[in-house]
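Heads up: the sequence shown runs through residues 27 to 325, numbered per my numbering. No residue lacks a Cβ here, since even glycine has one placed at the ideal position from N, Cα and C. What follows is a set of notes on a single structure, which appears directly below.
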Amino acid sequence: KRSVEILYNDNVEIDSKPYFHYFVKKSPRRTPVINRGYWIRMKSIRMAIEKIIDQQPEDQRVNIINLGCGYDPLPFQLLDDSKFENKKIYCMDIDFPELIGYKSQMINLAPELVELIGPQVKNSSVPGVIIRTSKYATIGCDLTDRELYCKQLDSFMANDDKTTNIFIAEVSLAYMTPETANPIIKNSSEFSNSHFLILEQLLPAGVNHPFGKRMINHFKKMEAPLQCVHTYPTIPDQIQRFKDLGYKNVNARDLLGCWDLVPDDIKLKVKSVEAFDEWEEFVDRKSTRLNSSHKTESG
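As structure tokens, this is what we get:
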């Protein structure tokens, strides 16, 4: 993602400031296929978030909850976007306590980030919350601890009818077994006006397909084996998964489908960044991005 930011920001995301450098010091240039794939992945999440926010009433609070956030700077990108100036968005980074501790230290050492998120307010008695301002929080939590997870979100008005919750799991749940990951999705579906954006790998041609084998072995070698992909290898499997876990309306697309949603003028800018002729790689890769949401009383 840092490689994408360096290459694409000046040419495509003209008004977007760089934020990855606060957390990722080294910046090796990746291959065109990795850069293009990650750009589509990041753009898909942003477009989905923006679409949901645009659908909300003016006075609606929108919690953007980044599950397994790692060092992703998504909240800072959103908070610095002028199109959200008149929106009541609140960004939360959630991950294991140790990682959140490191990320919070990095934020507090960066004056630009401190200024962007605003002054810290007195924390409540809820454990795990390290940074808390009027628009941003870092929260340490093992997501399998349902009681703590729900208690933490309750303290950010997640159960209020005037709050819309957007949960994001950008591959973070893919490393968990379905037995561990699914309760997190189910719990999230029970909060007010819940939407869930997930991005996970697929095996549309099965585990014996050459790319499928390569992908599975790659993550095993990294000692981070993919867990959910064997249970939910296709888009229809993922759609049924979310319906079973409490989301009535489910949309899903593969990576090429997400690219199709990008406006033509943006596509032209993306194509100008670097030479790219490896679309056959995306035909086989096919990650999925899901936008799942409860149907509200208003329909």
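- For Lys239, the uninterrupted alpha helix (DSSP H) segment begins and ends at Pro236 to Lys247.
- Collapsing the DSSP output to three states places Arg279 in a strand.
- Put simply, the backbone Cα of Ile78 is about 16 Å away from that of Phe217.
- For Lys77, no beta strand (DSSP E) run applies; the uninterrupted alpha helix (DSSP H) run containing it begins and ends at Pro58 to Asp80, by DSSP.
- In the DSSP annotation of this structure, Leu93 is not part of any alpha helix (DSSP H); the continuous beta strand (DSSP E) holding it starts and ends at Arg87 to Leu93.
- For Ala195, the enclosing beta strand (DSSP E) covers residues Thr189 to Glu196.
- About 15 Å separates the CB atoms of Gly94 and Leu179; that is not less than 8 Å, and the two are not in contact.
- Annotation: the continuous alpha helix (DSSP H) that includes Gly127 extends over Pro123 to Asn134.
- Distance from the CA atom of Met132 to the CA atom of Phe46, rounded to whole angstroms, is 12 Å.
- Counting along the chain, Thr206 sits inside the alpha helix (DSSP H) bounded by residues Pro204 to Ser215.
- With a threshold of 16 other beta carbon atoms within 10 Å, Gln103 meets it and is buried.
- The C-alpha of Glu173 lies about 16 Å from the C-alpha of Asn208.
- A distance below 8 Å separates the beta carbons of Met118 and Ala163.
- CA-to-CA, the gap between Lys274 and Ile211 works out to about 13 Å.
- Assignment of Val155 by DSSP, reduced to helix, strand and coil, places it in the strand class.
- Lys114 and Pro44 have their C-alpha atoms roughly 23 Å apart.
- In this chain, the beta strand (DSSP E) harbouring Ser220 covers Ser220 to Glu226.
- Asn185 counts as exposed, since fewer than 16 other C-beta atoms from the protein chains shown sit within 10 angstroms of its C-beta.
- Non-local C-beta neighbours of Arg158 in its own chain, meaning closer than 7 Å and more than five positions away in sequence, comprise Gln146, Val147 and Asn149, ordered along the chain.
- In the DSSP assignment, Tyr162 falls within the unbroken beta strand (DSSP E) covering Tyr162 to Gly166.
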